[in-house]
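Counting from 1, one number per residue, gives the positions in the sequence shown under the UniProt record's numbering. Note that beta-carbon positions come from the ideal geometry of N, C-alpha and C, so glycine has one too.
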Amino acid sequence: MAHVKSHCCELPPASLVQFIAPRGVTRDAELDIRIVPGQPCRVRVLHEDAQSITFGTLAGHPEAGRITFGAYRNAAGDVIFHIRSRARSASRATRLGFLAIGDAMQTNTWTDFINNTAVSVGAPIRDAIRADTTAVDELPEDDDPLQSPTFLAVGD
């Protein structure tokens, strides 16, 4: 995760999204995001520890919610890199755009982010990268102010 935090702006696919982190990726830092073809938005670092980092969307982002990136080892000792988002479209218009093209773009963004991370640390991906979308009920921690990670990455 230290590598992800220090290289966060280099890992997303430039053809789909650009991250700009003038203050780095530390608690309460804000990142500018440019989603192709040029939609600007922002996120804030809500939580970070040795094994994870959580971003929360700010006003103007096409989604409302948070996303956690975490790395941990499974029982076999393999490194698991996990991304979990809890988000909804910020408006009806962005929901329609998400259904039309955004869902595929987002899946490709996070798949490429994982691939780029693995390549940048010289680690092969052993299994397929899986993307699952599940509708869930909202929880109290989904309301403003967003504070908590979407999951806790635990292990070594």
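For this session: Please look up how many angstroms separate the CB atoms of Glu-10 and Thr-26, rounded, as I've assumed it's under 8 Å.
Result: Not a contact, Cβ separation roughly 17 Å.
Problem set entry | In chain order, each alpha helix (DSSP H) run of at least 4 residues that lies wholly inside the UniProt domain "DUF1990" (25-100) | 92-97
Problem set entry | Integer-rounded CB distance, given that Ser-52 should sit under 8 Å from Gly-70 | 4 Å
For this session: Identify the continuous alpha helix (DSSP H) that holds Val-119 and give its terminal residues.
Result: 103-121
For this session: Give a yes or no on whether the C-beta atoms belonging to Arg-23 and Asp-32 are separated by under 7 Å.
Result: no
Exercise. Going by alpha carbons, who is nearest to Met-1 out of Val-79, Ser-89, Gln-18?
Worked result: Val-79
Problem set entry | Cα-Cα separation between Thr-57 and Asp-127, rounded to whole angstroms | 30 Å
Exercise. Closer than 6 Å: is that where the CB of Ser-91 sits relative to any heavy atom of the ligand ADP?
Worked result: Ligands displayed in this structure: none; no statement on the ligand ADP is therefore possible.
Problem set entry | Rounded C-alpha distance that separates Arg-95 from Ser-89 | 5 Å
Problem set entry | Cut-off 8 Å between Cβ atoms - residues of its own chain near Asp-112, not counting five sequence neighbours on either side | Pro-12, Pro-13, Leu-16
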